[in-house]
Amino acid sequence: MLNEEKTSVTEIIFYIIIILLVFSVAQHLNVVVSGSMEPVFSRGDIVAVEKTNFFGIHEFDPNTVQVGDIVVYNAKWYDQPVIHRVIDIKQFNGTTYYMIKGDHNNVPDPYWVTGDQITQRVLTINGAPVVIPSVGYVNLWFRGL
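Its first residue numbered 962, the sequence shown is counted upward by one per residue in the working numbering.
See the structure below:
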């Protein structure tokens, strides 16, 4: 009887760990909703990200963002987070501003972005973004996008 109780407790702990691991991984994946970053990634792809604040853990500081980084930010001109590349950085009156543009777009995004607006940065390996192709289409379908 004691062994059965130990096995049950062990199984419960194992399932809790699996759920927490899946939740953590899911929080670090974003579905791409447009083709503005083609050919780097496309609509329906999933990109891996690091967050400025993951339940109090600061995985990266938005002030360390560099030209060429692909970031996710809260745009003033769009009601969803935007995933685009930083193309320029300027200082104005002691504040850092980022000019951001989709690789496939002809013009930069309409407004300079502050570090406070940047919430995530796309993870890279040897300079290439971590992308899972096309898997996000199911998510887009469920969201009606």
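Think of the CB as a built atom: it goes at the ideal place given N, C-alpha and C, for glycine as much as any other residue.
Which residues DSSP lists as bridging residue i, in chain order
{"i": "K1037", "result": "Paired residue(s): none; K1037 is not in a bridge."}
{"i": "Y1058", "result": "K1051 and T1075"}
{"i": "T1085", "result": "P1090"}
{"i": "N991", "result": "V1008"}
Spatially closest choice to residue i from the options, by CA coordinates
{"i": "N1054", "options": "W1102, L990, T1075 and V970", "result": "T1075"}
{"i": "V993", "options": "Q1041, V970, T1085 and I974", "result": "Q1041"}
{"i": "Q1078", "options": "W1102, V970 and N1024", "result": "N1024"}
{"i": "Q988", "options": "L1101, T971 and F1016", "result": "F1016"}
{"i": "T1085", "options": "W1038, D1022, V1001 and I978", "result": "V1001"}
Own chain residues within Cβ distance below 8 Å of residue i, not counting five before or after
{"i": "I1050", "result": "V1026, Q1027, V1028, T1057, Y1058, Y1059 and M1060"}
{"i": "M998", "result": "I1031, I1044, H1045, R1046, G1063, D1064 and H1065"}
{"i": "W1038", "result": "D1070, P1071 and Y1072"}
{"i": "K990", "result": "Note that residue 990 is Leu in the sequence shown, not Lys. Only I1007, V1008, A1009, V1010 and I1093 meet the Cβ criterion."}
Cutoff 7 Å; reference residue i; Cβ partners in own chain excluding five residues on either side
{"i": "A1036", "result": "V1043 and D1070"}
{"i": "G1097", "result": "V992, V993, G1005, D1006 and I1007"}
{"i": "T1080", "result": "K1012, T1013, V1033, Y1034, N1035 and P1042"}
{"i": "S995", "result": "R1004"}
{"i": "I977", "result": "none"}
{"i": "I980", "result": "none"}
{"i": "L1101", "result": "V992, V994 and G1005"}
{"i": "H1019", "result": "T1013"}
Neighbourhood of residue i by C-beta, 6 Å cutoff - its chain only, sequence neighbours within 5 removed
{"i": "S1095", "result": "G1005"}
{"i": "V1083", "result": "V1008, V1010, I1031 and P1090"}
{"i": "F1021", "result": "E1011 and R1082"}
**Prompt:** Is the number of C-beta pairs between the region 1084-1091 and the region 993-1011 that are closer than 8 Å three or more?
**Reply:** yes
**Prompt:** So, do the region 1027-1045 and the region 1062-1070 have three or more beta carbon pairs nearer to each other than 8 Å?
**Reply:** yes
**Request:** Please specify which runs of the beta strand (DSSP E), each continuous and at least 3 residues long, are wholly inside the region 1006-1056, giving them in chain order.
**Result:** 1007-1012, 1031-1035 and 1042-1053
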